[in-house]
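See structure below.
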Amino acid sequence: MKNSLGLYIHTPFCKSKCPYCDFYSFRGSAEDRKIYADSVIDEIKTLSRTGGFLKNREKIDFDTVYLGGGTPSLLGADAGRIIGTAEKYLNVSDDAEITVEINPSSSSDEFFDSIKGKVNRVSIGLQSAVDSERKKLGRISGKKDAAETIKKSKEAGIENISLDIMIGVPCQTFASLDETADFCLSSGVTHISAYMLTLEDGTPFYNMKNNLHLPDEDETADMYLHLVDKLKKNGFKQYEISNFSVPGFESRHNLKYWNDEEYLGIGPSAHSFVDGTRFSFPRDLKYFIDGGKPEIYDTGGDKAEYAMLRLRLSDGIRNDLFSEKFGENIPSGAFETAKKWEKTGHVEQDGERISLTPKGFLISNIIIEDITEAVGQI
Amino acid sequence: MKEKKENIRNFCIIAHIDHGKSTLADRLLELTDSVDEHYMQDQILDDMDLERERGITIKSHAVTMSYKKDGKTYELNLIDTPGHVDFNYEVSRSLAACEGAVLIVDATQGIEAQTLANTYLAVDHDLEIVPVINKIDLPAADPDQVQADIEEVIGLDASDAPRISAKTGQNCEQVLEKIITQVPPPEGDTEAPLKALIFDSVYDNYRGVIVYVRIVDGKIKAGDTMKMMATGAEFTVVEVGKNSATSLVPADCLEAGEVGYITASIKTVRDARVGDTVTLADNPADTPLPGYKKANPMVFCGIYPADGADYENLKEALEKLQLNDAALSFEPETSTALGFGFRCGFLGLLHLDIIQERLDREYDLNLITTVPSVIYKIHLRSGEVVSVDNPTDYPDPAEIDFAEEPMADAHIFSPPDYIGTIMSICQDKRGVYKTTDYLSSDRVDINYEMPLNEIIYGFFDTLKSRTRGYASLDYEFTGYQRSELTKLDVLLNGEKIDALSFIVHSSAAYPRARKIAEKLRDNIPRQQFEIPVQIASGGKIIARETVKAVRKDVLAKCYGGDITRKKKLLEKQKEGKKRMRSFGRVSVPQEAFMAILRLDDEDEKK
């Protein structure tokens, strides 16, 4: 078993809640944030002292650290304090990828000062570079603020910058998507994540879904393919359904999820995968502050789960990696199913490897379920 | 010699849904100490879950109560009645077993359409009506107004109608007193040959069929050989008795005027049909009681297990249901699209719905139901006449000389405000206007001759929704009439799906074909490839839609390592796939079948 894990820390605060978001986050008071930061630091120290869920493991290290949310940048100087504590108390490897998420609406100088020298990657929630779209998405900052945030990140010595953008948002057109893509490409970033808007039950967007003026299914699909093509032409390689990077700048932390590798989560709603067990803290800040423990909810690491996750990657599932992990080749049924999808251009396969094409990524749920079925029970 | 049975009263309760029929029945049972306290669960008369939920009574029961008043002990027989047009015949048999009816009117809502229809039915059977004003405990109650309504609309003197709350029990005693004083005692000749009216029969696993009867003349006891006058079947009586609220109480003998049960190791309710007359084999009555009709299925559809492996279970379930339901018929059929299933016959659409729901609920069967059909008579050029209740069996149009469809004499009862609406619905459904009779200033009887297939095709639901529930419908099959019919076939991806074929009147072929194509387009999920949806009539495509190939599904962020969420999504998707039926390469969800079935209802909602 690999002895390197990812460390994920979840910050449940946002200055304002975006109407499409169903992640665990809320505004909270300055005091809430302070208590939260102290609790995270305590948790890190306890982990260091007792080993926590890792106590039976020898010589582990953390080769990625990810402070996500919510809006970690809203923590101000505490963001740096949390990362600093992790680096001091936990065995974070020297070449670790250390990422913090930033919202352009909450990126104070205090915050940048605190992370300087401690963080080597930032992920900025841009969503759109068109201000009218940003407004509809509930983003309270403008394109100018986003540009400023990128500039400040670079000034803080961070070269590995990722931008999150969205496809299929209200009133989006090919032209407006191009505007957002051009902004990303011209800003000199190394990584772009492009997510499709999903209407999650319980969000304001879900309730107003009939009045959102969303591009239709076909348009959204075409926008995605257009973006994939455009980014490719500009040197960004697609390595996952929604992720693109300059080669060598893939998100090492997120790759752990898709490679079915281990990670430890801290903070309310943070998920962990350790020793074949999946567990998470409840979506409850108070529970976390009061020292509540994460709850086990599933086992993981089986063949079907591995296939399900790996098929999200452009690299797909491969006999060499599969047999290294499970001691056998990918079941032949998976290739049979893949051939069916190959005919329609959704999948590529050569008897050794199965991977989805961008057209296939668009309907990845259907295809992955279909192929995974031949690998095992999910 | 006819004599009055002074200590017996036979009555039923008429009420609109939710006006408190079952609650009042419970109170009467309590007041007469007919049920032990700890047996008393609310609404003891409706013992099927389905009935409770739908608020309608599907199978009638009877309860005998003992009531002491002024030193005399009375035997009160409450006969429960089903409450829907599909079961009108069963209602009429229950009424025929009574001398009186308690009419419950909700003091907050006044008289409703269904109440009126059943009241008139009761009046037709010469029953004495005992009006009762219920729910006087509610703040919105207006008993004076409701009393005036009863007097004006129904023409009954309601000045001393008990004003009660069945919920709290207030004044319910008065209802019992009224039943004694107002409902006439039954008359009958105990020495005459036996004539007993079957108003209900229920299959019981241990005793065989329990036959509920009202003895009109004569008497019957265990050991007698009974004879069913319509079917001719004979049985040796095992036991006779009275119905208490919670059990059957054996008795030595049942006599003229009494209500009770008979068991005789009868294997199926088809041998003890509602409306039939029971007599004795060695001393038979000359003539049966009037009014017997064999309940014939009028509506047919295919019922298939969604999972072919459930075929035997479905067969077993239908057999069991049939033991208790003389009107349900079924025989095996095969469909190239759906595999092995059954062609089932029903009294009407509600009957179909109920059977379908019971199969789903009590037998946990996942089913696919095809579009309902009536029986058409097709005259071939060869001179042969074939009966078709399944569109799949519809002959080649080239061989057909002419076709006939079943017609019904439909009476729609309604307040006069809705005459225009009702007439327009009937015209749309190819009805031929006959008469309008004013039954009172508030009530008309609109009479149409209508094709039965239009009635079964959502007519009742349309009628109800467009008249806000005020109109009620009574229809009777009258015979066959020559008609122009067209069979429509559905092709998915070029492949004919026999289970989706249906027969329509030629004038409706084009609009209906278009609607069906649209419905299927909207209800078949987009799949890997484009699917043409075509509707054909005699080999010619008359409507076409396309289900486009799927382009995208949910590309949600795999957030913060929450893998299980993703797993669940795929599991759910897999479950969804299981509920689909594959036709060649096309998967069709059950909802698509349902959508065609509910074609007309949808229109009404728009």
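The listed protein sequences correspond, in order, to chains R and F. Just so we're aligned, residue -7 is where the first sequence starts under my numbering, counting upward by one. Just so we're aligned, residue 183 is where the second sequence starts under my numbering, counting upward by one. Each residue gets a CB set at the ideal place from its N, CA and C atoms; glycine is no exception.
Listed along chain R is no residue with a C-beta nearer than 9 Å to that of Ile706 of chain F; the closest approach is about 15 Å. Judged by DSSP in its simplified three-state form, Gly484 of chain F adopts strand.
By the neighbour-count criterion, in which 16 or more other beta carbons inside 10 Å mark a residue as buried, His205 of chain R falls on the exposed side. Straight through space, the alpha carbons of Pro597 of chain F and Asp624 of chain F are spaced by roughly 5 Å. Taking each of F:Lys203, F:Ile706, F:Leu211 and F:Lys186 in turn and checking the Cα distance to Ala427 of chain F, the smallest one comes out for F:Leu211. Close partners of Gly292 of chain R in chain F (Cβ separation under 7 Å): Ile745. Taking a beta-carbon distance threshold of 8 Å, Leu301 of chain R counts as an interface residue toward chain F. Excluding its 5 nearest sequence neighbours in each direction, Glu102 of chain R has C-beta neighbours in its own chain below 8 Å: Gly68 and Ala69, listed in chain order. For the pair Asp704 of chain F and Val715 of chain F, the Cα-to-Cα distance works out to about 11 Å.
Contacts between Leu751 of chain F and chain R, judged by CB atoms closer than 8 Å, involve Asn357 in chain order. Residue pairing of Val770 of chain F in beta bridges, as defined by DSSP: F:Arg763.
Rounded to whole angstroms, Gly484 of chain F and Gly202 of chain F show a C-alpha spacing of 37 Å. Counting along the chain, Glu365 of chain R sits inside the alpha helix (DSSP H) bounded by residues Ser356 to Glu365. Your pair Thr172 of chain R and Val122 of chain R checks out as a contact, with CB atoms roughly 6 Å apart and the cut at 8 Å. CA-to-CA, the gap between Glu361 of chain R and Leu169 of chain R works out to about 30 Å. Bounds of the beta strand (DSSP E) holding Gly442 of chain F are Val441 to Thr445.
Taking 8 Å as the cut-off, the beta carbon of Asn316 of chain F is found no closer than this to the beta carbon of Tyr256 of chain F. Measuring C-alpha to C-alpha distances from Leu471 of chain F to each of F:Asn629, F:Leu505, F:Tyr620 and F:Ile397 identifies F:Ile397 as the nearest. In the DSSP secondary-structure assignment, Ala378 of chain F is bridged to F:Ile397 and F:Val460. At least one CB of chain F lies nearer than 8 Å to the CB of Ala213 of chain R. According to the DSSP assignment, Met300 of chain R belongs to the alpha helix (DSSP H) that extends over Lys295 to Arg302. For the pair Leu667 of chain F and Ser683 of chain F, the CB atoms are not nearer than the 8 Å cut-off. Inter-segment contact for the region 656 to 664 of chain F and the region 606 to 616 of chain F is absent: fewer than three beta-carbon pairs are separated by less than 8 Å. Close partners of Thr336 of chain R in chain F (Cβ separation under 9 Å): Gln710, Phe711 and Ala731.
As a beta-bridge residue in DSSP terms, Met410 of chain F pairs with F:Val460. Contact check for Ile550 of chain F and Leu503 of chain F: beta-carbon distance about 18 Å, past the 8 Å limit, so the pair fails to qualify. In the DSSP assignment, Asn311 of chain R falls within the alpha helix (DSSP H) that extends over Asn311 to Phe318. By the Cβ criterion, the region 103 to 111 of chain R is in contact with the region 55 to 69 of chain R, since at least three pairs of Cβ atoms, one from each stretch, lie closer than 8 Å.
Taking 8 Å as the cut-off, the beta carbon of Phe775 of chain F is found no closer than this to the beta carbon of Glu677 of chain F. The beta carbon of Leu260 of chain F is closer than 6 Å to those of Val245 in its chain, skipping five residues each way along the sequence. Here the region 277 to 287 of chain R lies against the region 20 to 29 of chain R, with 3 or more beta-carbon pairs under 8 Å apart. In the structure shown, the three-state DSSP call for Asp371 of chain F is coil.
The straight-line gap separating the alpha-carbon atoms of Cys6 of chain R and Ala491 of chain F is approximately 53 Å.
For the set F:Arg543, F:His533 and F:Asp399, the Cα lying nearest the Cα of Asp507 of chain F is the one of F:His533. When DSSP reads this structure, Tyr198 of chain R sits in no beta bridge, so it has no partner.
Listed by position along chain R, the residues whose Cβ is nearer than 7 Å to that of Lys756 of chain F are Glu361.
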